[in-house]
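Scroll down for the structure; my scribbles are underneath it.
Numbering (full-length UniProt numbering), first residue to last: 1 to 492.
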C-alpha cells in the first residue's frame, strides 16, 4: 500500500493520480527543501520600562539610546533574580562572610537622626545635603551617628548604650576628620568637612567628659583646659575660611549661612522695644579692671597657646576688619541693582577670605613665641562681651513679668539658639587662653552665659545645651564662691 503520510515540507511537491480506484499520492520533484530554521537569539527581560511600554527593543544601555533620543528618564526594572545574574562568589573572586555584621544600633541611630535629631539643629537647609554626603564619607556618617546617639542619651538616660556609642563615634569622627583635612578641597569634600565641623561643635556642647577625670593640678578647683567646646571649635573657622571660596565659586547651600546674622537681628528687635543691646558691656569691663577678679586657677597655657586657636582668632579679626571697611563705603548703583548686589557681596567675601588666608599663611601663623599682650586680652574680652550682650539682655527680659518682653524673646528663638550655638567659635585666641587658665573674669562671664542659656533655650529642642548649661552654671558659681568673688553685675 502506498505511503499516504504527508511530508512536513510542501515546496516542490505535487499531487499525482494513479490508476482508477487508487488514491492519489504526493510526490516531490527535485531536491526537497530543508525545513526553515529560526535565527538563534537570546531573550532578555532587562530592557528599560519606557521601551517595554512602547514594545520596542531596548539596547540595555544606561541610559538606553531610545530614552536619550526622546529626552526621557530611563528607568530600569527591578528583578530580584537579575541583581547579580550568573555571578557566584567563586567566579567573582569575592570571599563572602557567611555571618556579616550589621549594627542594629547604628541603624537605630541613623533612623533617629533622620526622624528626630536633625530637625532640632540650626542651619536646617544644610542637613539634607550633609545626610546625602554621609553615604560616601565615613567621617560624616560617624558624626551623624554620634550626634544622634547623644540626642537619644538625653531622651533615654536610663540606658548607657547610647552615650557609650556616641563617645566612641565622636572619637572616630575627630580622628577621621583630621585625616581628611589633607585631601584636595573640592565642593563635595568641603561640604562634607563643613557639615562635620558643625556637628563636632554640637558634640562638644554635649561632652562633659573633662569633668570626670578631676583636674591636672591635683586641686579641687575647676579646670576647663580640657573642655573641648572651646578648643575644638577653632577648627570650624579654619575649615570655613578654606571652603567658602569654593562654595561661592561652585555654588553651595552653605553660602546661605553667610546671609544669617542672628546677633544683628536680636539687636534690632531689642532697640525696637526700647532696650540697649550693649548694656552689659560696661559692667563686665568694670569687673575686668577690678584687681580682685584678676586671679587664675591654672598657669599652664601650653594647650591653648599653640597655633590653632590663635590662628583662627587672627583670621576672624582680619575678616571683621575687612567687612567693617566694606560697610563704611557708600553704596554704588551696581551694588544696589536687584540680584547683582548679593552676587557682588559673595565675590567680595570670596576675595577677602582668600586674601586673608594667603596673607596669614605667608606670615607663618603657627609662630606663637610672642604671648598676647594684656591690651589684646582686654580687647578680646570686650569683643566677646559685646557679641553676647544681646543674649544677656534677652535673658533679663525673660525673667520679668512683662508679657510683651516675653513675646519679643519668643519671636527671636531661632536667632537666640543660633547665637548660643556659635558662641564657642568666638572663643578663640586670647579669650580661649583666659578660659584655660581659669581667669576669674572669664568665669564670671561664663556663669552669666550659661545662666542665660538655661533660661532662654527650650530643653526639648535645645537638648544639646540643656545639661551643660545647668551643670556649668552650678560648678562655676561654686568655684567663684570659693574664691570669694561675687557674680552679680551692677547695671544702671
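Just so it is clear, CB atoms sit at the ideal spot from N, CA and C, and this is done for glycine as well.
- Contact check for residue 378 against residue 120 fails: the beta carbons are separated by 8 Å or more.
- The criterion of a C-beta distance shorter than 8 Å is satisfied by residue 196 and residue 139.
- By the CB criterion at 8 Å, residue 472 and residue 446 fall inside the cutoff.
- The beta carbons of residue 312 and residue 428 sit closer together than 8 Å.
- Put simply, the backbone Cα of residue 451 is about 8 Å away from that of residue 470.
- If you ignore the 5 residues before and after residue 63, its C-beta comes within less than 6 Å of the C-beta of 74, all in its own chain and listed in chain order.
- In this structure, residue 191 lies near residue 130, with their beta-carbon atoms less than 8 Å apart.
- With respect to residue 432, residue 230 sits close: the two C-beta atoms are nearer than 8 Å.
- For residue 68, the enclosing alpha helix (DSSP H) begins and ends at 65-70.
- In the three-state scheme derived from DSSP, where H, G and I count as helix and E and B as strand, residue 156 is classed as coil.
- With a cutoff of 8 Å on beta-carbon distance, residue 480 and residue 444 are scored as near each other.
- Ranked by Cα distance from residue 297, the first of 439, 390, 179 is 439.
- The DSSP-derived three-state label of residue 105 is helix.
- Excluding sequence positions up to five before and after residue 239, its CB lies within less than 7 Å of the CB of 193, 194, 197, all in the same chain and listed in chain order.
- Per DSSP, the unbroken alpha helix (DSSP H) holding residue 415 starts and ends at 413-426.
- Per DSSP, residue 175 is one residue of the alpha helix (DSSP H) stretching across 161-180.
- For the 8 Å CB-CB criterion, residue 394 and residue 416 form a contact.
- Residue environment: residue 228 is assigned as buried (16 or more neighbouring CB atoms within 10 Å of its CB, all protein chains considered).
- When secondary structure is reduced to three states using DSSP, residue 460 falls in the coil class, being assigned neither helix nor strand.
- Scanning 254, 105, 225, 202 for the CA closest to the CA of residue 189 turns up 254.
- Going by DSSP, residue 202 is part of the alpha helix (DSSP H) stretching over 187-206.
- Across the set 226, 199, 200, 203, the C-alpha of 226 shows the shortest separation from the C-alpha of residue 212.
- Residue nearest to residue 356 within the set 249, 323, 221 is 323 (criterion: CA-CA distance).
- The three-state secondary structure of residue 439, taken from DSSP, is coil.
- Residue 399 has its alpha-carbon roughly 17 Å from the corresponding atom of residue 274.
- Each residue's CA atom was taken as its position, placing residue 181 and residue 60 some 41 Å apart.
- Around the beta carbon of residue 351, a 10 Å sphere encloses fewer than 16 other beta carbons of the protein chains shown; the residue is thus reported as exposed.
- By the Cβ-count criterion, residue 111 is exposed, with fewer than 16 other Cβ atoms from all chains shown falling within 10 Å of its own Cβ.
- The three-state reading of DSSP puts residue 490 in coil, since its state is none of H, G, I, E or B.
- Taking each of 343, 168, 392 in turn and checking the Cα distance to residue 276, the smallest one comes out for 392.
- No residue range can be given for residue 278, since it is assigned to no alpha helix (DSSP H) and is classified by DSSP as neither H nor E.
- Straight-line spacing of the CA atoms in residue 406 and residue 262 works out to 18 Å.
- In this model, residue 70 and residue 125 are separated by some 35 Å (Cα to Cα).
- Shortest Cα-Cα distance from residue 397 to any of 488, 270, 265 involves 270.
- Within the model, the alpha-carbon separation for residue 156 versus residue 149 is close to 10 Å.
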